[in-house]
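From first to last, the protein sequence lines are chains H and Y. First residue of the first sequence: 995, per my numbering; consecutive thereafter. First residue of the second sequence: 995, per my numbering; consecutive thereafter. The C-beta atom is built at its ideal place from N, Cα and C for all residues, glycine as well. This one's a predicted model, so the numbers in the text were calculated from it and none came from an experiment.
2 protein chains.
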Amino acid sequence: MKNCIVAQSGGPTAAINASLAGVIQGALDNPAFDKVYGALNGITGILDERLLTLNDTFEDRGNIDLLKVTPAMYLGSCRYKLPKLEDDKAPYEKIFQVFEKMGVGAFFYIGGNDSMDTVDKLSAYAASIGSEVRIIGVPKTIDNDLCITDHTPGFGSAAKYVASSILEIFHDTVIYALKSVTIIEVMGRDAGWLTAASVLARNEYCDAPHLIYLPEAAFDTEKFLSDVKDLLDKQNNVIVAVSEGIRDKDGNYISASTGKVDNFGHSQLSGAGKTLEYLVQDRLNVKVRSIELSTLQRCASHIASKTDLEESFQEGLYGVSLAAAGKTGLMVTILRTDSKDYQVTYDASPVCDIANGVKAVPEGFITKEGNDVTHEMVSYLMPLIQGEPEITFENGTPKYLPVKHLV
Amino acid sequence: MKNCIVAQSGGPTAAINASLAGVIQGALDNPAFDKVYGALNGITGILDERLLTLNDTFEDRGNIDLLKVTPAMYLGSCRYKLPKLEDDKAPYEKIFQVFEKMGVGAFFYIGGNDSMDTVDKLSAYAASIGSEVRIIGVPKTIDNDLCITDHTPGFGSAAKYVASSILEIFHDTVIYALKSVTIIEVMGRDAGWLTAASVLARNEYCDAPHLIYLPEAAFDTEKFLSDVKDLLDKQNNVIVAVSEGIRDKDGNYISASTGKVDNFGHSQLSGAGKTLEYLVQDRLNVKVRSIELSTLQRCASHIASKTDLEESFQEGLYGVSLAAAGKTGLMVTILRTDSKDYQVTYDASPVCDIANGVKAVPEGFITKEGNDVTHEMVSYLMPLIQGEPEITFENGTPKYLPVKHLV
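This is the structure:
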């Protein structure tokens, strides 16, 4: 019987702790595993040997339930990028020393694209040194941009937040019998999935957002202004959903760049919404405001998607079963087996096929004019935001699992 | 038996429709009233004779329940300021012509400070012409800055949103073992009540926000920087809640003014949060971001306070009973009769005592250093955010009462 380590990495989602809950419960219940360690702050918690023993806390299954609905990372996160083996062997050696020292037979890494790159490198290294440690990736990202899997844990909850918030903003907006434009900036640097989810705000009386722009379609400011102008001729309020990552036909971001890059070399953006607000103000002379949905779209667990949380939990469980069966170098995937009645199964693919790829929104999901999404997109998205988890409140705010160990 | 008119005005809240539901149910159930008209877009709907008959829709009490939890104004809003009688009699004459034509015996105006000014002027005019039309104000404002009343409908829901969101942002923030500062800008131009409610995010493990700045305490940028710096010496993540209306000792706003004024002469502000973000970046050289809670803090009905919605409903009912009893020129108020066990009763005060006054946060509710609130503030705020309304979801988003008539 071996021990195992689980860690979380990348940006927060409302479902990344549901996957952690799945891994913990799976490992506690699996005779292949004894101690379940949580590494603090992702892979850096292994490098620095900052490990929590999780068995005691989560033998109380009430804490598993609470963890499932708690936002962000219970174990903390990191933005550490593992160097290439040929550039620096030291971290690899250190990680596998810790694995050996702690009697670890499996490592579960819950994260996005960059974390899957880590899983890929570590499993390749394990093979090269003949290590038996199983390395399994459990995905998450609100961006929904991982390949092979039908969708990613965390996306459905963010999508539900975006759709519900835009419905509420619609109610807030239609109250004035005045011309106005509201621009809502949604997260998504390269993939427009989350912005596309704004379409789910539409219902029998709400036709907002009236325009939807994704990074996958070249953004033309003149076309945008004429789209807005045409709508203002017919109605008072125009609500626009726009990805932070929209760019023109030459690939330049429609936003004021801050000129900074993060540790992974992604350029730091701000202000597609603000940029369009100023543009509308200058050119159309109409009341305009921009709203950045901001951090809350990824951490508002109080309005998470139950479907998303359940699937994320199942992916964690499935990841453990893979390792227990001797598999390694795999990322858990979700396959949609029945689109009409929405059913899924869990599977896995070699991480090397997934890491560093980006699943963009396909052409058929965006209208020809590039300012809306199609029915195919709606059918794809709709099941992912269904259901509401049971959230308890304490003193008027949501009750989540305490994260004292991170402070 | 007379008819009555109800209208809504000012900025949206999550509870202003609960007050409307109270007025409608009160009027439908009261033998003094026959038809219940809703004027579209506030007082302008009376001037333009855009009136909806509400009886049919709301004889179905299921629609009353749905209205109670629907954000913003079901009847639309306006920012119209009634001129002084001596400057322009015409709108007064028109309004009372409509009252007579429609057989109206009472007008209920649900709104904030500016709407109470309208109630004041109309009731004075009614007295001057010997009209028997009763004019009753039902308050609302997320700013909680109306005098005499213990608190205002809409405030508790906004406060619950602010506190819950900051708790979730805390979870989102503590995940990185890096120094960072997060600045959260909360609505509130003159009164800091809503920003103060951020204190309710604190619980057994969450000590955020670590600093709270209200407009009522002069803001000193050097003191702010040293407050942040002191905290960064002790901990990784510093979360700051700040009112949009913070100002220095000379009364100048700590924000980039847009140089614009609205119809009521209030100067349009933006960016206290952004301004402090740049300041921290320049002076402390630490990772910093600012988050504007924005529109959602006033329209996120899915996380409204049940206490707030129930009280708002009761205020609507009470307003109708006042008019039926022949009272006029009054605004409904809430009195806290028992602070320890939180109990309230409903009362009314002459609108002229309330209109155009502002209830600022008293000194004893802010710490001496001016960077936090006191236990007295917590005791005052805590009961107002308790309880969660039952929200049904349809296709994954909240089910609200359709507002087709506004589009």
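Note down, in chain order, every chain Y residue with its Cβ under 8 Å from the Cβ of residue i.
i: H/Met1376; result: Asn1389 and Gly1390
i: H/Asp1111; result: Within 8 Å Cβ-Cβ: nothing; H/Asp1111 doesn't reach chain Y, min ~19 Å.
i: H/Asn1035; result: Ile1169, Tyr1170 and Ala1171
i: H/Gly1070; result: Val1168, Ile1169, Tyr1170 and Ala1171
i: H/Ala1152; result: The premise fails here: H/Ala1152 is roughly 12 Å from chain Y at the closest Cβ pair, so nothing lies under 8 Å.
i: H/Ile1177; result: Those do not exist, as H/Ile1177 stays about 12 Å from chain Y at its closest Cβ, beyond 8 Å.
i: H/Gln1229; result: Val1401
Please state whether the Cβ-Cβ distance between residue i and residue j is less than 8 Å.
i: Y/Ile1297; j: H/His1296; result: yes
i: H/Val1345; j: H/Gly1131; result: yes
i: H/Tyr1155; j: H/Ala1266; result: no
i: Y/Tyr1031; j: Y/Leu1395; result: no
i: Y/Ala1015; j: Y/Lys1062; result: yes
i: H/Glu1179; j: H/Leu1273; result: no
i: H/Asn1138; j: H/Lys1173; result: no
i: H/Gly1036; j: H/Gln1002; result: yes
i: H/Pro1209; j: H/Ile1233; result: no
i: Y/Ser1315; j: Y/Thr1327; result: no
i: H/Ala1008; j: H/Pro1065; result: yes
i: Y/Ile1177; j: Y/Glu1271; result: yes
i: Y/Gly1150; j: Y/Leu1378; result: yes
i: Y/Ser1158; j: H/Thr1391; result: yes
Going by the DSSP bridge assignment, what does residue i pair with across the sheet?
i: H/Ser1343; result: H/Met1325
i: H/Asp1332; result: H/Gln1337
i: Y/Gln1002; result: Y/Ile1104
i: H/Asn997; result: H/Val1098
i: Y/Leu1225; result: Bridge partners of Y/Leu1225: none, in fact.
i: H/Val1355; result: None, per the DSSP bridge assignment.
i: H/Thr1176; result: H/Ile1233 and H/Arg1283
i: Y/Thr1047; result: Y/Tyr1031
i: Y/Tyr1199; result: Partner(s): none; Y/Tyr1199 has no beta bridge.
i: Y/Tyr1247; result: Y/Arg1241
What residues of chain Y sit near residue i, judged by a beta carbon separation below 7 Å?
i: H/Leu1048; result: Those do not exist, as H/Leu1048 stays about 17 Å from chain Y at its closest Cβ, beyond 7 Å.
i: H/Glu1126; result: The premise fails here: H/Glu1126 is roughly 30 Å from chain Y at the closest Cβ pair, so nothing lies under 7 Å.
i: H/Ala1157; result: Gly1390 and Thr1391
With DSSP run on the structure shown, which of helix, strand or coil describes residue i?
i: Y/Asp1028; result: strand
i: H/Ile1297; result: helix
i: H/Asn1057; result: helix
i: Y/Gly1131; result: strand
i: Y/Glu1210; result: coil
i: H/Leu1290; result: helix
i: H/Thr1112; result: helix
i: Y/Val1367; result: strand
i: H/Ser1071; result: strand
i: Y/Thr1143; result: coil
i: H/Thr1386; result: coil
i: Y/Ala1015; result: helix
i: H/Val1063; result: coil
i: H/His1399; result: helix
i: Y/Pro1392; result: strand
i: H/Arg1241; result: strand
i: Y/Leu1303; result: helix
i: H/Ile1360; result: strand
i: H/Leu1311; result: helix
i: H/Leu1076; result: coil
i: H/Tyr1170; result: coil
Residues of chain H with CB under 9 Å from residue i, in chain order?
i: Y/Gln1337; result: None at all; the shortest Cβ gap to chain H is about 17 Å.
i: Y/Glu1286; result: Ile1285, Glu1286 and Ser1288
i: Y/Ala1195; result: Thr1391
Going along chain H in order, which residues have a C-beta closer than 7 Å to the C-beta of residue i?
i: Y/Ile1233; result: Result: empty, since nearest Cβ-Cβ is about 11 Å, beyond 7 Å.
i: Y/Pro1396; result: Glu1198 and Tyr1199
i: Y/Gln1380; result: Gly1390
i: Y/Leu1400; result: Val1168 and Ile1169
Taking Cβ-Cβ distances shorter than 8 Å, what residues in chain H pair up with residue i?
i: Y/Asp1166; result: Pro1006, Pro1065, Ala1066, Thr1289, Arg1292 and Cys1293
i: Y/Ser1306; result: Residues of chain H passing the Cβ test: none, with the nearest at roughly 16 Å.
i: Y/Ile1163; result: Thr1289, Leu1290 and Cys1293
i: Y/Ile1058; result: The premise fails here: Y/Ile1058 is roughly 17 Å from chain H at the closest Cβ pair, so nothing lies under 8 Å.
i: Y/His1204; result: Ordered by position in chain H, no residue passes the 8 Å Cβ test against Y/His1204, which lies about 11 Å from the chain.
How would you list, in chain order, the residues of chain A whose beta-carbon sits under 9 Å from the beta-carbon of residue i?
i: H/Leu1076; result: The chain inventory of the structure shown lacks chain A, comprising the protein chains H and Y.
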